[in-house]
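Have a look at the structure below, then the notes.
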Amino acid sequence: MRLIHTALDVSDVDATLDFYETLGLEYAHEFTLDGVRNVYVGGDDGMELQFKYDPESDESVDPSGVDHVAVEVEDVDAEFERVVEETDCPVVHEPMTIEEANARAAFVEDPDGYAVELVGFLD
């Protein structure tokens, strides 16, 4: 068994794609089913994020059921600065060292308010 993707409802699939491509994830594929556009992005490990966009939905996206999406980066501080500058996304938490996890991390929000952790593991 292997984990293959996580699906997130989004309100603007193009803005969401732009944001995650800025993080370095690449467009993988898409399909439309029952009017819902399903777009996938992925990284080097084969795992993907699926963005579900329903243009007919009047309901706003509620990210409260998802704690965060984690993306591994080489340099948390540099990526944090670049992503915030390029996307003007809200900052949840500035870069910090988490000794217990042997990692450095920062948190930002994507266009729908999902928290995105930029994490780099320390040597």
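By full-length UniProt numbering, the letter at position 5 of the sequence shown is numbered 5, and the numbering carries on one by one without gaps. Don't be surprised by glycine CBs; every beta carbon is placed ideally from N, CA and C. Here the structure is a predicted model, which is why all the values come from computation and not from measurement.
Cutoff 7 angstroms; reference residue i; Cβ partners in own chain excluding five residues on either side
i    : result
I4   : M47, E48
L122 : N102, A103, R104
Contact under 8 angstroms by Cβ, residue i with residue j
i           : j    : result
R37         : V61  : no
T22         : E86  : yes
residue 124 : V92  : Because the chain is modelled from 1 through 123, residue 124 falls outside the range shown and cannot be assessed.
A7          : P111 : no
V41         : A28  : yes
V69         : L118 : no
E56         : G35  : yes
G120        : E74  : yes
Secondary structure of residue i, DSSP reduced to three states
i    : result
P63  : helix
V41  : strand
E56  : coil
V108 : strand
E86  : helix
V69  : strand
E81  : helix
N- and C-terminal bounds of the alpha helix (DSSP H) containing residue i
i   : result
L17 : 13 to 22
V10 : Where V10 is concerned, there is no enclosing alpha helix (DSSP H), given that its DSSP letter is neither H nor E.
Own chain partners of residue i with C-beta closer than 6 angstroms, once the 5 adjacent residues on each side are dropped
i   : result
F19 : T87, D110, P111
F31 : N38
F80 : P95, A106, L118
G43 : L25
C89 : V108, E109
Span of the beta strand (DSSP E) around residue i
i    : result
V91  : 91 to 98
L33  : 26 to 33
A115 : 115 to 121
Close Cβ partners of residue i (< 8 angstroms) along its chain, the five nearest in sequence each way excluded
i   : result
L17 : Y27, V39, V41, F51
CB contact check: residue i to chain C, cutoff 8 angstroms
i   : result
T32 : Of the protein chains in this structure there is only one, and it is not chain C.
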